[in-house]
Amino acid sequence: MKINSIERYLNKVVCGDANEVMRKIPSNSVDLVITSPPYYKQRDYGKGGLGHEKKVEEYIAGLLEIFKECVRVIKDSGAIVFNIGDKYEDGNLLLVPYRFAIAVGQETNVRLLNEVTWVKTNPVPKQDKRKLIPSSEPFFIFVKSNKYFFDKDAFLGHMDYVRKKANGNGENVGKGYFNLIEASDLSADQKQQCRERLQEVIWEVKTGKIEGFRLKIKGIHAEPYGGQNGGRKIHLDRDGFTVIKIYGKSLKRDIIESPVETIKGNIHPAIYPEYIVQEFLKLLTRKNDVVLDPFLGSGTTAMVAKKMERNYIGIEVNADYCEYAEKRLATVQKEMVMELFI
Ligand SMILES: C[S@@+](CC[C@H](N)C(=O)[O-])C[C@H]1O[C@@H](n2cnc3c(N)ncnc32)[C@H](O)[C@@H]1O
549 MKINSIERYL NKVVCGDANE VMRKIPSNSV DLVITSPPYY KQRDYGKGGL GHEKKVEEYI
609 AGLLEIFKEC VRVIKDSGAI VFNIGDKYED GNLLLVPYRF AIAVGQETNV RLLNEVTWVK
669 TNPVPKQDKR KLIPSSEPFF IFVKSNKYFF DKDAFLGHMD YVRKKANGNG ENVGKGYFNL
729 IEASDLSADQ KQQCRERLQE VIWEVKTGKI EGFRLKIKGI HAEPYGGQNG GRKIHLDRDG
789 FTVIKIYGKS LKRDIIESPV ETIKGNIHPA IYPEYIVQEF LKLLTRKNDV VLDPFLGSGT
849 TAMVAKKMER NYIGIEVNAD YCEYAEKRLA TVQKEMVMEL FI
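Counting from 549, one number per residue, gives the positions in the sequence shown under the working numbering.
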């Protein structure tokens, strides 16, 4: 099969079977593959394609074929993000995403960097008296080598801003601790020392030197567990209190919350949220990078890439969806990214 130059595919929706199209894309030419393949026995997208296999093993094998092409086309600095949903069969959860991730580990050389859980804030309210409502899905991040690009601060970076705003101008920081000091069994001297220390750290928060702090007072807060002779225990025994300062940015957890999106007039039954794609593009790509989605559907990946000034390549087997994706793309201006504050 003839391999074409990458330029031929840039910023195009390619209407065809991912199995064939992927083979024509040059090796080591893509920065990020991000996609949501058809789930196992979930929907009919009209053109056959993946997802209709009789056995889950056949589905995984078909998906792996395309996944291996994804591995070939990404650069050493690149990453692959796959979002896969699960399926009940005879009342039994098949764990399809995990079967896939394990098969990837067995059959390729990529590493599974993270499983990021999408927590759906508005899951389908389909009640089953004897089951809980499934309301999460994994996004697996695979990398090809240690050179992968990873901008951790950018991922959900707007939440740092939200958190700072929630803290206000620091007016109320630490105020509650003064009452706790009074109510404690510390001696008058210890109480005075504790109040002075508290004033100091409050000032450090207000002037931006530290992000926050925790004050632990003997007899009121639980003592540190283990490390009998550790510094905190010494402080508590000697002074009756200890201060734990919090520096830097928030912890970046492997969780992303977002509603399932609905778009007015959408003809595609299973779009994934623009917001989640955006956060992965912030984490794993830079401006002008190449982002590929082999199961483009309604064009969400391409839309977000275009908005964020990345190059996109979208592959979709159903011509109606290709046309719909093109229409969506035509409405996109390069614009500010959206920020979903949950
Ligand atoms: C879960 S949907 C993707 C939805 C997409 N993330 C969005 O936001 O619109 C999977 C898509 O893969 C397409 N598809 C199935 N088999 C395919 C194949 N072999 N090659 C290319 N596309 C395929 C289906 O037509 C469907 O649109």
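For glycine and all other residues, C-beta sits at the position ideal for the given N, C-alpha and C.
heavy atom of ligand 1 below 7 Å from residue i C-beta
i: His783; result: no
i: His600; result: no
i: Ile632; result: no
i: Ala510; result: There is no way to answer for residue 510, as the model of the chain reaches only from 549 to 890.
i: Ile819; result: yes
i: Ala867; result: no
i: Glu864; result: yes
i: Pro645; result: no
i: Gly653; result: no
i: Gly597; result: yes
i: Tyr593; result: yes
i: Pro585; result: yes
i: Phe843; result: yes
i: Asp565; result: yes
i: His769; result: no
i: Ser806; result: no
i: Ser577; result: no
i: Ser683; result: no
i: Ser553; result: no
i: His816; result: yes
i: Ser625; result: no
i: Ser846; result: yes
Status (buried if at least 16 other CB within 10 Å, exposed otherwise) for residue i
i: Ser575; result: exposed
i: Gly639; result: exposed
i: Lys854; result: buried
i: Pro807; result: exposed
i: Arg876; result: buried
i: Arg591; result: exposed
i: Ser584; result: buried
i: Val721; result: buried
i: Ser577; result: buried
i: Pro842; result: buried
i: Gly599; result: buried
i: Ala878; result: exposed
i: Gly626; result: buried
i: Ile729; result: buried
Beta-carbon proximity of residue i to residue j, cut-off 8 Å
i: Asp579; j: Val839; result: yes
i: Lys700; j: Lys589; result: no
i: Ile804; j: Val664; result: yes
i: Phe697; j: Leu832; result: yes
i: Gly594; j: Pro586; result: no
i: Leu661; j: Phe690; result: yes
i: Lys830; j: Phe630; result: no
i: Val791; j: Val749; result: yes
i: Phe789; j: Lys764; result: yes
i: Glu822; j: Asn836; result: no
i: Asp737; j: Gly767; result: no
i: Ala867; j: Gly847; result: no
i: Gln741; j: Asp787; result: yes
i: Val619; j: Thr656; result: yes
i: Val667; j: Ser684; result: yes
CA-to-CA distance, residue j to residue i, given in whole angstroms
i: Val880; j: Ile861; result: 15 Å
i: Arg780; j: Ile794; result: 15 Å
i: Val658; j: Phe726; result: 53 Å
i: Phe889; j: Met707; result: Interpretation of Phe889 is limited by its pLDDT of 43, a score under 50 that renders its predicted location unreliable; the figure taken from the coordinates is listed afterwards. Looking at the two C-alpha atoms, the distance is approximately 7 Å.
i: Lys692; j: Val825; result: 20 Å
i: Gly633; j: Gly610; result: 16 Å
i: Phe761; j: Glu744; result: 15 Å
i: Gly564; j: Ile863; result: 6 Å
i: Arg571; j: Ile614; result: 9 Å
i: Asn814; j: Glu719; result: 47 Å
i: Ile554; j: Tyr820; result: 26 Å
i: Ala850; j: Leu844; result: 8 Å
i: Glu827; j: Lys550; result: 34 Å
i: Ser735; j: Thr755; result: 30 Å
i: Gly724; j: Ile681; result: 39 Å
i: Ile573; j: Asn694; result: 23 Å
i: Val644; j: Cys870; result: 27 Å
i: Glu606; j: Leu641; result: 17 Å
i: Val899; j: Asn559; result: The structure shown does not extend to residue 899, since the chain spans only 549 to 890, so no value can be given for it.
i: Ile650; j: His769; result: 43 Å
i: Lys603; j: Glu568; result: 23 Å
Segments assigned beta strand (DSSP E), at least 3 residues, entirely inside the region 564-611: 578-583
Beta strand (DSSP E) segments (min. 3 residues) lying fully within the region 809-871: 838-841 and 859-864
Beta strand (DSSP E) runs contained entirely in the region 717-784, provided each spans 3 or more residues: 760-765
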